[in-house]
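The listed protein sequences derive, respectively, from chains X and Z.
For the first sequence, the positions run 22 to 590 when the working numbering is used.
For the second sequence, the positions run 22 to 590 when the working numbering is used.
Glycine included, C-beta positions come from ideal geometry on N, C-alpha and C.
Since this is a predicted model, take the numbers as computed values, not measurements.
Below is one structure, written out as structure tokens; comments come after it.
Number of protein chains: 2
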Amino acid sequence: MVLSQNEQKLRHSAAHLAAHALKELFPDVKLTLGPATEHGFFYDFLPTTNLKESDLPAIEKRMLEIANRSLELTHEMIDKQQARELYKDNPFKLELIDGIADDKVGIARQGDFYDLCRGGHVKSTSQLKHVKLIGISGSYWRGDRDGQALQRISGVAFANAKELRSYERKVEEAKKYDHRKLGKELDLFSFHQEGVGFPFFHPHGKIVLNVLKSYLQRLLVDAGYLEVETPRMLSDELWRQSGHYDHYRDNMYFCSVEDKQYALRPMNCPGALLLYKERPRSYRDLPLRLAEFGHDHRFELSGVLHGLFRVRAFTQDDGHIFCAKQDIEQEVANAIALTYKVLKRFNFAQICVALSTKPENAMGDDALWQQATESLKKGLESAGIDYEINEGDGAFYGPKIEFAIKDSMDRLWQCSTIQLDFFQPINFDLWFINNKGEKERPVMIHRAIYGSFERFFGILLEHYKGALPFWLAPVQVRILTITDEQTAYAQQIETLLKNVSIRVERDVSSDPISGKIKSAQLKKIPWMLVIGNKEVDQQTVTLRFVNGKQQFGITHEQLVTLAKEAQNA
Amino acid sequence: MVLSQNEQKLRHSAAHLAAHALKELFPDVKLTLGPATEHGFFYDFLPTTNLKESDLPAIEKRMLEIANRSLELTHEMIDKQQARELYKDNPFKLELIDGIADDKVGIARQGDFYDLCRGGHVKSTSQLKHVKLIGISGSYWRGDRDGQALQRISGVAFANAKELRSYERKVEEAKKYDHRKLGKELDLFSFHQEGVGFPFFHPHGKIVLNVLKSYLQRLLVDAGYLEVETPRMLSDELWRQSGHYDHYRDNMYFCSVEDKQYALRPMNCPGALLLYKERPRSYRDLPLRLAEFGHDHRFELSGVLHGLFRVRAFTQDDGHIFCAKQDIEQEVANAIALTYKVLKRFNFAQICVALSTKPENAMGDDALWQQATESLKKGLESAGIDYEINEGDGAFYGPKIEFAIKDSMDRLWQCSTIQLDFFQPINFDLWFINNKGEKERPVMIHRAIYGSFERFFGILLEHYKGALPFWLAPVQVRILTITDEQTAYAQQIETLLKNVSIRVERDVSSDPISGKIKSAQLKKIPWMLVIGNKEVDQQTVTLRFVNGKQQFGITHEQLVTLAKEAQNA
């Protein structure tokens, strides 16, 4: 997401406001950095004693007071030596000052508060009345885990009260449909201290995962993919060869086996590379499209774990395509088409596409990067897709296309990705014999649609506000009888639906029908079949949807037809 | 397997014969132990320099020479001190002598060879003419990995030439259909040095695994199981609580996470226990039958790894049933019925059942063990099943029923198991509220049918000699056209079968039809559909089975019906 200049100024100024408030309330905190971010701003600081969530209201109150002082924001360039004097007690700012190439550095001021700053502010603190602090968390100086531990306050800032109110409403709605809350209410999954960051899927959660997987499996067969299974643990040397050890080892788990070091895989590509190399390949084998529902482990700091959105173990719907250079555009176009087909099944409001280019820690030379990036652009253009460019956001082994989906609450989620990789085929010395009988280097394309099943499941739960559509719902139909008299008939209907693979259950409680309806609604079961004596006499059912609408007098035949339709809707 | 007294004598005597031959050829080897085993005998010894596979023929030759000397075998009891003198240069035998409670120890003699021995031999070496050495491998003194490394020669011994010849024929057949060989020929799986003992499944192998899994998934739903998914890695403390750390840690892989130790799961039960405890349970929740296709890691010494039969990572088809004590027999009977249903699907010649009782390293007290063992017996008896008792062969947490299947080459494979567990519910303090409103302890039943998918797949490959039945075959149908003229029609037939979910492919090579048939036979594809101009004219196909039998003039409708029948056969 690119911020407009006004957003940038507003949020960055709000960060100064937060720092100003902090300094007034806790004069001994040492300020470090406070940028505008995708969603608002944050400020990192070293406190004398750690601040708590409960300190936020006072800080926010002080921020609003300072805003009401209508202080002018100014910016000037001063000598480095002068700046060093200002910050003689703050080693973080001194380090920042030393890192600036110029002789002069910028200082922003408002009232008696000042901050080291490149500039770009609103004119007066009076423009900062629509701010809100949203959290306090741990962070590290310059994001380096081995560096000094700091605290971070985060907030949002808007140009007017209406925007702030709209933001607050969305937050309330999101809180109401937080997937962690829904996961508990609908008995889908849980987390336990015996495996921090590792989800436990309950029976109903596992059904949804299975449906998501088998839906994709069917499409993959049609799209010419071959499913494989490779080990979850592979030798250290392999991860060194693949570059993961150099670029990713902080997120990897290691184990010793007979005095050799192994790592749990954080990604599935090396397994696919070894399978490619398993025998000599010819142009007739290409494109070779391998699919793996690969279970991966990635270490994350416990502080950043977040329900199913950020876990330490997850299953990816990985695809690895090996093809000749001249087939890249076609394969990328096919992968884009498959991605759109799958994402559209979930009724997302919008799909936003971005092309991410060479990052700082990239491997390989510029010419290859340029070639790879051009191929992706052509693939996107041939599919007629609008996209933006995210400079420097590619993987270390190649540029990538990223798909973000906008959910029912207008939030964007990045999930699908198509990554081009010229480097692993060189690293692993892959080749095939082309139709001229010569050895040729293939290209590797990594692609995932759901990304992680776990995270995608979490997104779907929030997107659908817990009411999963018929085809995805763990229980699709619940049969409710008015009295025990209808039990035999209800069993008959249950069997009828089970025979066409519908996930159906009967409410066998002794609750009155209103209680049974309430209970099915709480579990967000898409269809209720209400059965009283009238339905038994007529050999029909009453179909009640989760939204309360009803259809009466549905015959057995109609019921089966409707259920099959809903299954494919 | 219990050996008859004659088998026992013959094999034990053959071990002496092997030791005798060793001593004559390599006088400086130190003998240790040489028992009869399930399949023959072995002898462990410390060589001065390691012997090789190529030394076996000379040893076997010498064994037969000694047999032909018709030496009498005698046995006497001598004073311990005298025995110590005999073995003054052999620390292993001295340790064995020290371990004998009696004042006297037994010595067996034949010619000038003697060996420490409790007795039980044939009368003369002339009865040992039908022996064969089958291998040499590494071993450890008393099987302790940290103990002295030894070498082991293994062999077989039979009462007559006919039995030996029959054994040799079976070995030849087994070699021909070794699943490792079939796995390569049929392109099903491979092993790579980057993950020793971790199988890589190729596309066709993965299809078989998927079919095996979805077959079971359907049956499990009908049998009232709920599928769940729990983490592959859990904290050390949990494994200590479950007893795995004490009883199994040599086979476990450990990892560090934020200064806490975690272990990759070797079994899935702790995940199920945590799910049970996730909320209070009532008698209405029971029996709670949780199923997990759990991927586990177990360390095995690289020397004992063997294709898919012994790996370091595998998926179990685990079931964990939590029930009240009075429901044990019914649940065990249900589990037995499900096991039989599944195993019978694979046309095994016989299913042998054994009940394994309390082992030496057991946890828990005798009364509970007895109760548990009685419950399993009742379950078996109520299912009307013959079984034998394996004393002391239970798991450390409870007694178990084991099912061994006899394959098409008359070999027995242990795979399915039903284990009763009174201890984990105590360890983890599980309870439910019974229908009197009181807290009650549930019982846990562990059961697996395939056992490990990987090993079961290996067994099936050998059992079916590579020719998997229609429903399991990775490619069920291959379409062979006589010339390119029939391509359009062949595509039409392909679509017809794909629409009813048949795994079908077309041979698009330019080979003559005889070559195409040969190639499909080599891949052991169950059905070939041969299409020439006659078939196109008549709108039929010729159906050719892998055994060469043919059916002509099959209409499209008949083809679909036959394929659906074969799918369910």
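- Message: Against Ser-323(Z), what residues of chain X qualify as contacts under a CB-to-CB distance less than 8 Å, listed in chain order?
- Response: By Cβ distance, chain X contributes Glu-279.
- Message: Just to make sure I have the definition right: I need the residues of chain X whose C-beta is within less than 7 Å of the C-beta of Gly-458(Z). Which are they?
- Response: Contact of Gly-458(Z) with chain X by beta-carbon distance below 7 Å is absent, the smallest such distance being about 17 Å.
- Going by DSSP, what residues sit across from Cys-373(X) in a beta bridge? Ala-425(X), per the DSSP bridge assignment.
- What separation, rounded to the nearest whole angstrom, lies between the Cα atoms of Tyr-246(Z) and Phe-369(X)? Rounded to whole angstroms, the gap between the alpha carbons of Tyr-246(Z) and Phe-369(X) is 34 Å.
- Task: Using DSSP bridges, identify the partner residues of Met-98(Z).
- Result: The partner list for Met-98(Z) (beta bridge, DSSP) reads Gly-127(Z).
- Item | Chain-ordered chain X contacts of Lys-227(Z) [CB-CB under 7 Å] | The answer, in chain order, is Glu-248, Val-249, Glu-250.
- Message: Please list, in chain order, the chain Z residues whose beta carbon lies closer than 9 Å to that of Phe-221(X).
- Response: The contacting residues are Val-249, Glu-250, Thr-251, Pro-252, Gly-292, Leu-295, Leu-296, Glu-299.
- Message: Please tell me whether His-37(X) and Asp-136(X) are closer than 7 Å, where the distance is taken between their beta carbons.
- Response: Against a cut-off of 7 Å, the Cβ pair of Asp-136(X) and His-37(X) comes out as a contact.
- Query: Taking the runs of the beta strand (DSSP E) that are 3 residues or longer, which of them lie wholly in the region 234–313 of chain Z?
  - Reply: Taken in chain order, the complete beta strand (DSSP E) segments of 3 or more residues contained in the region 234–313 of chain Z are 254–256, 275–278, 281–285.
- Give me the Cα-Cα distance between Lys-114(X) and Thr-53(X), rounded to the nearest whole angstrom. Distance between the alpha carbons of Lys-114(X) and Thr-53(X): 6 Å.
- Task: Name the two residues that bound the continuous alpha helix (DSSP H) containing Gly-159(Z).
- Result: No alpha helix (DSSP H) holds Gly-159(Z); the beta strand (DSSP E) holding it covers 152–161.
- Task: Output yes if chain Z places a C-beta closer than 7 Å to the C-beta of Gly-216(X); else output no.
- Result: Taking Cβ atoms only, chain Z reaches closer than 7 Å to Gly-216(X), which makes this a yes.
- Message: Can you tell me whether Asp-306(X) sits near the ligand FMN, meaning its C-beta is under 6 Å from at least one heavy atom of the ligand?
- Response: As presented, the structure is devoid of all ligands, the ligand FMN included, so that no description of it is given.
- Message: On the DSSP letters alone, give me the boundaries of the beta strand (DSSP E) that His-41(X) sits inside.
- Response: Per DSSP, His-41(X) lies in no beta strand (DSSP E); the unbroken alpha helix (DSSP H) holding it starts and ends at 26–46.
- Item | Glu-299(X) to Arg-366(Z) span [Cα, whole Å] | Near 33 Å, if we compare the C-alpha coordinates of Arg-366(Z) and Glu-299(X).
- Starting from Val-581(Z), follow the alpha helix (DSSP H) in both directions and report where the run begins and ends. Segment 577–589, the alpha helix (DSSP H) holding Val-581(Z).
- Query: Considering only residues of the same chain and omitting the five flanking positions on each side of Arg-130(Z), which have a CB-CB separation below 7 Å?
  - Reply: Around Arg-130(Z): Thr-95.
- Name the chain Z residues whose beta carbon is nearer than 8 Å to that of Cys-276(X)? Under the 8 Å cutoff, chain Z gives Tyr-274, Phe-275, Cys-276, Leu-285.
- Item | Simplified DSSP assignment, three categories, for Phe-390(Z) | Looking at the sequence provided, one finds Trp at residue 390(Z) rather than Phe. It is helical.
- Message: Alpha carbons only, please: which of Arg-524(Z), Val-525(Z), Val-551(Z) is nearest the one belonging to Gly-536(Z)?
- Response: Of the residues Arg-524(Z), Val-525(Z), Val-551(Z), the one whose Cα lies closest to the Cα of Gly-536(Z) is Val-551(Z).
- For Ser-211(X), which residues from the same chain have a beta carbon less than 6 Å from its beta carbon, with the 5 sequence-adjacent residues on both sides left out? A distance below 6 Å between beta-carbons, with the five flanking residues on each side excluded, links Ser-211(X) to the following residues of its chain, in chain order: Phe-221.
- Task: Report buried or exposed for Ile-87(X), applying the criterion of at least 16 other Cβ atoms within 10 angstroms of its Cβ.
- Result: Burial call: buried.
- If you measure from the beta carbon of Ser-211(X) to each beta carbon in chain Z, is any gap under 7 Å? Output row for Ser-211(X): interface = yes.
- Message: Using only CA atoms, which one of Gln-351(Z), Ser-437(Z), Ala-383(Z) lies nearest to Gln-337(Z)?
- Response: Comparing Cα positions, the closest option is Ser-437(Z).
- Residues sharing a beta bridge with Ala-572(Z), DSSP: Checking the sequence, you will find Gln at residue 572(Z) rather than Ala. DSSP, once it has assigned bridges, lists Leu-564(Z) as partnering Gln-572(Z).
- Message: Let me make sure I understand the geometry here. Which of Leu-329(Z), Gly-156(Z), Gln-572(Z) has the alpha-carbon closest to that of Glu-321(Z)?
- Response: Of all alpha-carbon atoms in Leu-329(Z), Gly-156(Z), Gln-572(Z), the one lying nearest the alpha-carbon of Glu-321(Z) is that of Leu-329(Z).
- Query: Cα-Cα, which of Met-98(Z), Val-278(Z), Lys-153(Z) is closest to Lys-82(Z)?
  - Reply: Cα-wise, what sits closest to Lys-82(Z) is Lys-153(Z).
- Task: Determine the contact status of Pro-224(X) and Val-249(Z), defining contact as a CB-CB distance below 7 Å.
- Result: Yes; because the gap between Cβ atoms is below 7 Å, this pair is in contact.
- How would you label Phe-491(Z), buried or exposed, when you count the other beta carbons within 10 angstroms and need 16 or more for buried? With 16 or more neighbouring CB atoms inside 10 Å of its own CB, Phe-491(Z) falls in the buried class.
- Query: Run through DSSP, which three-state label would Ser-410(X) get?
  - Reply: It should be noted that the sequence gives Ile, not Ser, for residue 410(X). Look at Ile-410(X) here: in three-state DSSP terms it is strand.
- Task: Under 8 Å between beta-carbons, which chain Z residues line up against Ser-263(X)? List them in chain order, please.
- Result: Neighbours of Ser-263(X) on chain Z: none; closest Cβ ~10 Å, over 8 Å.
- Item | Exposed unless 16 or more other CB atoms sit within 10 angstroms - verdict on Ile-229(X) | For the sequence presented, residue 229(X) should be read as Val rather than Ile. With 16 or more other CB atoms across the displayed protein chains lying within 10 angstroms of its CB, Val-229(X) is buried.
- Query: If we ignore side chains and look at the alpha-carbon of each, how far apart do Gln-172(X) and Lys-544(X) end up?
  - Reply: Approximately 40 Å, taken between the alpha carbons.
- Query: Just checking my contact of Val-498(Z) with Leu-518(Z) at CB under 8 Å: how many whole Å lie between their CB atoms?
  - Reply: Confirmed, Cβ separation roughly 6 Å.
- What residues in its chain sit with their C-beta under 8 Å from that of Asp-199(X), if we drop five residues either side in the sequence? Excluding residues up to 5 positions away in sequence, Gly-328, Glu-483 lie with their Cβ nearer than 8 Å to the Cβ of Asp-199(X) in the same chain.
- Ends of the alpha helix (DSSP H) at Ser-531(X)? It is not in any alpha helix (DSSP H) - Ser-531(X) carries neither H nor E in the DSSP assignment.
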